[in-house]
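Below is one structure, written out as structure tokens, with a few remarks after it.
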Amino acid sequence: METPNKRQIAILGSTGSIGTQTLQVVEEHPECFEVYAITANTRVDDLIAQARKFMPEAVVIADETKYPKLKEALSDLPIKVYGGYEAICQIVESGPIDVVVTAMVGFSGLRPTINAIKAGKAIALANKETMVVAGELINALAMEYKTPILPVDSEHSAIFQCLAGEMHNKVEKLILTASGGPFRTFTKEQLEHVTKEQALKHPNWSMGAKITIDSASMMNKGFEVMEAKWLFGVGAEDIEVVVHPQSVIHSMVQFEDGAVKAQLGTPDMRLPIMYALTYPKRLSSSFERINWNTLGELTFETPDLELFPNLRHAYDALARGGNTPCVVNAANEVCVAAFLNDRIKFTDMPKLIGRAMEEATYILKPTLEDYLETDKQTRRLVEEWIK
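Counting with the numbering used here, you get residues 3 to 389 for the letters of the sequence shown.
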């Protein structure tokens with residue numbers, strides 16, 4: 003199955019939005035990439051279909067109750083089949099793998115990413131929660147094991163591209179663009195009554211449910227601010243968020259001379275995915291191009307932190323440091339799940355996250371074990387409040 007000179011790729015979360023688009027990139031350039039391993043949480047039927055199509059060396063389903071079905075469905079193929087979260091943590095260490103695409107959702111991506119770094123695998127980072135929760139730890143490990151971390155988020159990929167060739171020039175400010183989501187023009191009263199169906203209709207991007215809700219609440223942009231701090235070594239005070247409804251400028255870098263570089267493109271996640279997989283080279287693609295004749299205007303607005311307090315929570319968490327970003331992430335994951343299950347209102351989410359920041363145990367210099375315990379404690383607290 004393994005072919006020399008092709009990059010061997012492991013995709014964690016292959017059935018999700020980023021995972022499926024990564025497989026489209028592989029299809030676009032089969033001469034460059036080969037899928038070594040794919041994993042999913044519960045979507046066993048999708049995983050079976052992907053395995054039969056791409057013929058990876060190994061397949062893992064996190065939900066062990068789905069393992070027998072997966073094993074049986076692939077029994078006629080020479081594919082190794084595993085079940086359970088621990089198997090995902092272990093598969094990333096496989097010798098032939100060149101790059102691990104971390105497209106798992108939420109806190110669950112942390113341990114597999116750490117294992118992949120320790121195994122010397124390049125990381126194509128789509129799981130922003132890894133850097134949100136434990137950015138300092140991840141950076142230290144990446145430096146120790148000399149492992150590159152290549153951003154897949156469109157905003158961080160844009161900054162990464164803008165910084166190419168600028169190694170010795172001082173950055174004055176990073177400017178993260180935000181679409182503003184579906185509720186950009188809503189009033190406080192209107193936000194009180196939004197439904198999950200409304201929140202899941204993003205105006206520009208096609209994403210999974212969790213990240214779409216995060217985008218609607220601007221928590222996603224808050225996470226991107228936290229991630230940018232660790233990826234690019236700047237202070238939170240040097241990261242600005244600008245609402246750009248057209249989602250054509252993916253982010254910008256302002257240098258000390260006042261010059262600003264921006265990276266533009268269609269709102270298509272396959273572009274930053276491919277750049278992360280091929281860096282420093284660019285490959286040709288059949289993806290849609292910007293039509294300058296029909297593009298129209300590009301507009302910019304200041305985000306409203308009163309309407310969308312989650313963005314303020316993110317800056318506050320960075321300022322406080324320690325395990326506070328971990329608290330914010332855990333509280334947010336519980337809140338998003340509760341909102342999607344009609345247990346709380348859209349406007350309850352930032353209130354609960356703010357309360358968690360106040361009441362969860364604060365640890366100034368957390369270890370990995372502290373992060374794991376903080377995550378558990380915060381989830382327990384927020385679940386109790388929701389009940």
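The beta-carbon is built from N, C-alpha and C at its ideal position, and this holds for glycine as well. Note that the coordinates shown come from a computational prediction; the quantities given were computed from them, not determined experimentally.
Which of helix, strand or coil DSSP assigns to K231 = helix
Are the beta-carbon atoms belonging to V154 and A264 less than 9 Å from one another?
-> no
Terminal residues of the continuous alpha helix (DSSP H) containing F302?
-> F302 -> no alpha helix (DSSP H), and no H or E assigned at all.
DSSP on E239, reduced to helix/strand/coil?
-> helix
Taking only runs that begin and end inside the stretch 191-221, name each unbroken alpha helix (DSSP H) of 4 or more residues, in chain order.
-> Runs of the alpha helix (DSSP H) lying entirely within the stretch 191-221, each at least 4 residues long, are 198-201 and 211-219 in chain order.
Thinking C-alpha only, which one of Y147, A180 and M145 is nearest A160?
-> A180
So K263 is in the beta strand (DSSP E); what residue range does that whole segment cover?
-> V262 to L266
Report back the beta-carbon spacing between Q52 and I40 to the nearest angstrom; my notes put them in contact at under 8 Å.
-> 6 Å
Inter-residue spacing [alpha-carbon to alpha-carbon] between K347 and G267 = In this model, K347 and G267 are separated by some 34 Å (Cα to Cα).
Find out if the Cβ-Cβ distance for the pair A230, T214 is shorter than 9 Å.
-> no
Tell me whether the beta-carbon of K123 lies closer than 9 Å to the beta-carbon of V101.
-> yes
Count the other C-beta atoms from every protein chain shown that fall within 10 angstroms of the C-beta of M57, then say buried if there are 16 or more, exposed otherwise.
-> exposed
CB-CB length for M359 against S219, believed under 8 Å | 15 Å between Cβ atoms; not a contact.
What three-state label does DSSP hand Y84 in the structure shown?
-> strand
According to DSSP, is E138 helix, strand or coil?
-> Assignment of E138 by DSSP, reduced to helix, strand and coil, places it in the helix class.
How about V227 and L320: do their beta carbons lie closer than 9 Å?
-> yes
Got a sec, what are the start and stop residues for the alpha helix (DSSP H) Y373 sits in?
-> L370 to I388
Ignore the nearest five residues each way along the sequence and tell me which others in G324's own chain have a CB closer than 8 Å to its CB.
-> Y364, I365, L366, K367 and P368
Compute the Euclidean distance between the alpha carbons of S249 and S19, then round it to the nearest angstrom.
-> 18 Å
Counting Cβ pairs closer than 8 Å, one from the stretch 64-73 and one from the stretch 83-92, do we hit at least three?
-> Contact between the stretch 64-73 and the stretch 83-92 is present, because at least three Cβ pairs lie under 8 Å.
Give the secondary structure of T280 by DSSP, where H, G and I count as helix, E and B as strand, and everything else as coil.
-> Helix.
How many Å lie between H2 and L127 at the Cα?
-> Since the first and last residues shown for the chain are 3 and 389, residue 2 lies out of range.
What does DSSP give as the partner residues of K175 in its beta bridges?
-> Q256
Taking DSSP as the reference, what is the three-state secondary structure of T41?
-> strand
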